[in-house]
Structure formats: structure tokens, C-alpha cells
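Report on one structure; see the data block that follows.
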Amino acid sequence: MGSKPAITREAILSVAYERAQREGMASLGIRTIANECGVAIGTIYNYFPDKASLVTEVVARFWHAAIEEAGVLTQAEERSEGSEGTLMVYCRCLAQGLTESLDRFQASWLREAANLDARSLKRSREAEEECFRSICEGIARHIEGDTAIRARAREEFETEQLANFIWKGMFASIKMGDPSCKTLFTLLEMALYD
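Here the sequence shown stands for residues 5 to 198, numbered as in the working numbering.
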């Protein structure tokens, strides 16, 4: 019997990612990915000890592509630069850019992620949090740099906690079909500005 062709971890991940884009995350299975890669199931396990590990890597790649490769953060920075009320301009640009980027991917990914098994869900959330850290840092920078925010608001809110709250609110709004985050942004404007 001839030996199976050598394959890299990256190649396996690319096949899994492409499959998830075409058919959703529920289609990811070790046996299925092994067949598509033309390798034995054990070869996949050499790189990914279980399905949860593979799914986690696919989710991390999804967020990297949706946020970093699409240039969402850079575009939001550029659009908000020199604006009055830079926090709100930045957040609106960020929400718009993220929504446009996510529209290019299967919209079902966000919903499917919530239906993963407990182990995959936990690991996927950790991968998401890693990707979201840079978003929260950008929001925090704009909170600090926005001179229009009332002094009282600055006294009441810690920058990092407020940035995290804003991001989670934005993400929830986008997932629920409100890409403009209208309610959240209106409440923020009322709470932070004169």
C-alpha cells in the first residue's frame, strides 16, 4: 500500500475553513476533512487532537479574516481621525465596517457558533475574545482621546470597562440584525455628551 501524501497543518485548516464557508460549521468533521484532504483520519489528529481544536482554529481564522484582513479597524481609524466626538464616529465606522465584512461571509456563522458543543463553544469564545481584544483597545483609545466626553462621565466609567461594554453591545446589536446599533449609540450619546 502506498503512503498518503504529506500535508501541513495550514493546508488542513484551509480545507476546513473553506468547507465551513461553503456548508457551515456544522459540516466540520474530522472524517470529512480527512477525506477532502486525501489523508487518513489519524493525520488530522496529528495536528488537531479533537474536533473542538479544529473548530476553534476555523473560528479564529474567520474572525481574523472578518476583522483584520478586511481592514475594519484601519478604516474606522482613518474615518474618525480629526472628527469631533471621535468615539461615536469610530464606533459607527467600526459597526459599518464589521457588518460589511460579515456580510461577505456566511451570515449563519454567528448563529451556528452558538450551537456548537460545549467544548467547541468554550474554545471558540476564547478565540473570539483574542480577536476582539484589539477592537476593545481601539474603542478605549477613542474614549481617552474624545475631548467632547463630559468630565462627569469620565469620573463614573473606567475606560476599559466602558470599551468592553460598548463592544459587547455593538456585537450583540449586529448579531440581532441592527448593524447601525442605533439604540446603543443613542444611549451612549445621552450618557457621555452634553
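Note that the Cβ used here is the ideal one computed from N, Cα and C, for glycine as well.
Less than 7 Å between C-beta atoms, sequence neighbours within five positions excluded: which residues of the same chain meet that for residue i?
| i | result |
| --- | --- |
| residue 20 | 32, 37, 58 and 62 |
| residue 45 | 34, 35 and 38 |
| residue 201 | Missing from the structure shown is residue 201; the chain here goes from 5 to 198 and no further. |
| residue 97 | 79, 80, 83 and 84 |
| residue 40 | 19 and 23 |
| residue 11 | 41, 43 and 47 |
Please return the same chain residues whose Cβ sits closer than 6 Å to the Cβ of residue i, not counting the five positions on each side in sequence.
| i | result |
| --- | --- |
| residue 173 | 188 |
| residue 77 | 142 |
| residue 95 | none |
| residue 17 | 61 |
For residue i, decide whether its Cβ has a neighbour in chain B, counting only Cβ atoms nearer than 8 Å.
| i | result |
| --- | --- |
| residue 190 | Note that chain B does not occur in the displayed structure, where there is just one protein chain. |
The alpha helix (DSSP H) with residue i in it runs from where to where?
| i | result |
| --- | --- |
| residue 49 | 45 to 51 |
| residue 119 | Where residue 119 is concerned, there is no enclosing alpha helix (DSSP H), given that its DSSP letter is neither H nor E. |
| residue 173 | 163 to 179 |
| residue 30 | Taken as a continuous stretch (DSSP letters only), residue 30 belongs to no alpha helix (DSSP H), as it is neither H nor E. |
| residue 78 | 76 to 84 |
Nearest CA to the CA of residue i: which residue from the options?
| i | options | result |
| --- | --- | --- |
| residue 25 | 183, 13, 70 and 196 | 70 |
| residue 128 | 101, 41, 29 and 64 | 64 |
| residue 168 | 145, 150, 106 and 120 | 145 |
| residue 14 | 51, 133 and 43 | 51 |
| residue 179 | 123, 104, 137 and 150 | 104 |
| residue 175 | 124, 150, 133 and 158 | 133 |
| residue 177 | 126, 56 and 99 | 99 |
| residue 54 | 159, 124, 72 and 136 | 124 |
| residue 136 | 49, 56 and 72 | 72 |
| residue 126 | 29, 56 and 140 | 56 |
| residue 140 | 156, 150 and 171 | 171 |
What does the Cβ neighbour count give for residue i, buried or exposed, with the cut at 16 atoms within 10 Å?
| i | result |
| --- | --- |
| residue 101 | buried |
| residue 90 | buried |
| residue 166 | buried |
| residue 107 | exposed |
| residue 121 | exposed |
| residue 191 | exposed |
Closer than 8 Å by C-beta to residue i: which residues in its own chain qualify, once you throw out the five before and the five after it? Chain order, please.
| i | result |
| --- | --- |
| residue 131 | 60, 61, 63, 64 and 67 |
| residue 154 | 196, 197 and 198 |
| residue 148 | 163 |
Just checking residue i against the ligand HEM - is the residue's beta carbon closer than 7 Å to any of the ligand's heavy atoms?
| i | result |
| --- | --- |
| residue 145 | Of the ligands one can find in the structure shown there are none, so the ligand HEM has no counterpart to examine. |
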